[in-house]
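Using the working numbering, read the sequence shown as starting at 94 and increasing by one per residue. Comments concern the structure below.
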Amino acid sequence: MEFNKEKFSHYIMKRPYFGEFTENPETGHLVKHALDKAGCGDAYEISLHLSQSGKIEDARYITFGCGYAQATCCALIESIVGHDLSEVAHWSENEVGEKIESLLGDYPVHKKAYLYFAKELLAGACQKAPQDLVLL
Numbered sequence: 094m095e096f097n098k099e100k101f102s103h104y105i106m107k108r109p110y111f112g113e114f115t116e117n118p119e120t121g122h123l124v125k126h127a128l129d130k131a132g133c134g135d136a137y138e139i140s141l142h143l144s145q146s147g148k149i150e151d152a153r154y155i156t157f158g159c160g161y162a163q164a165t166c167c168a169l170i171e172s173i174v175g176h177d178l179s180e181v182a183h184w185s186e187n188e189v190g191e192k193i194e195s196l197l198g199d200y201p202v203h204k205k206a207y208l209y210f211a212k213e214l215l216a217g218a219c220q221k222a223p224q225d226l227v228l229l
C-alpha cells in the first residue's frame, strides 16, 4: 500500500494524542512507559488509561524524535485504543507493524525500525500494567 502522506502530515501537524495525562483516572489504572533509543536520538513515552477490566480507554504519547517517530506513535495509539490490554500484549512485532502500516501505508525500508520501536514501547507498557490485566 502506498505511503499515506496526508495522514502522515496530519499526525505531525495536528499531533493528536500528544501529551500526557495530568491525573490518574478515578477508576481504572494509569500505566506509563518510556523508551530511549539513544542510537538514533529518539525518546518515547506512552501513557495508557485502562479500565478496571483492562480495556485501553485512552492513550497519549510524548516523543523527542522525527516525523516518523510522531506518526508511528499516533498510529500505534489509534491501533490500541478500545482493545483489551491482554490482547495487545500478545501482538507480535509483525502484527504491530501491520496495524500501523494499515493506517499510514508501507514504510520505506530505511524507516521500518520505527515499527519495531512501537512494539518495544507497547510491550514495555504491558509489562508495567497490573499482571491480572495482562495475563502474559
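Every residue gets a Cβ at the ideal spot worked out from N, C-alpha and C, and that includes glycine.
Please check the pair residue i and residue j, which I expect to be a contact at CB under 8 Å, by giving their CB distance rounded to whole angstroms.
i: A222; j: L169; result: Their Cβ separation, rounded to whole angstroms, is 16 Å, which puts A222 and L169 out of contact at 8 Å.
i: Y110; j: R153; result: 5 Å
i: E138; j: I155; result: 5 Å
i: A211; j: V189; result: 5 Å
i: L128; j: L226; result: So it is not a contact: roughly 20 Å between Cβ atoms.
CB-CB under 6 Å to residue i, same chain, minus the five flanking residues each way: which ones, in chain order?
i: S144; result: G121 and E150
i: I173; result: I149 and V181
i: N97; result: L197 and G198
i: M88; result: Outside the shown range of the chain (94 to 229) lies residue 88, about which nothing can therefore be said.
i: S135; result: This sequence places Asp at residue 135; Ser is not what is there. For D135, where only same-chain residues beyond five positions count, the Cβ hits under 6 Å are G158 and A162.
i: F112; result: Correcting the residue identity first, residue 112 is Gly in this sequence and not Phe. Same-chain partners within the cutoff: R153.
i: G160; result: I105
Can you find the residues in the same chain that come closer than 8 Å, C-beta to C-beta, to residue i, ignoring five residues on each side of it along the sequence?
i: F123; result: Checking the sequence, you will find Leu at residue 123 rather than Phe. Counting only Cβ-Cβ distances below 8 Å, and skipping sequence neighbours, we find F114, N117, S140, L141, H142 and L143.
i: R108; result: Q163 and C167
i: H176; result: K148 and I149
From the DSSP secondary-structure annotation, give me the bridge partner or partners of residue i.
i: H103; result: Bridge partners of H103: none, in fact.
i: F96; result: DSSP, once it has assigned bridges, lists no residue as partnering F96.
i: K125; result: S140
i: F111; result: Y154
Who are the Cβ neighbours of residue i in its own chain at under 7 Å, not counting the five residues just before and after it?
i: K100; result: L196 and L197
i: N187; result: none
i: V209; result: The displayed chain sequence assigns Tyr, not Val, to residue 209. Closer than 7 Å at Cβ, skipping near neighbours: E186.
**Prompt:** Enumerated in chain order, which unbroken segments of the alpha helix (DSSP H) with a length of 4 residues or greater are wholly contained in the segment 127-198?
**Reply:** List check, alpha helix (DSSP H) in window: 160-173, 178-181 and 186-197.
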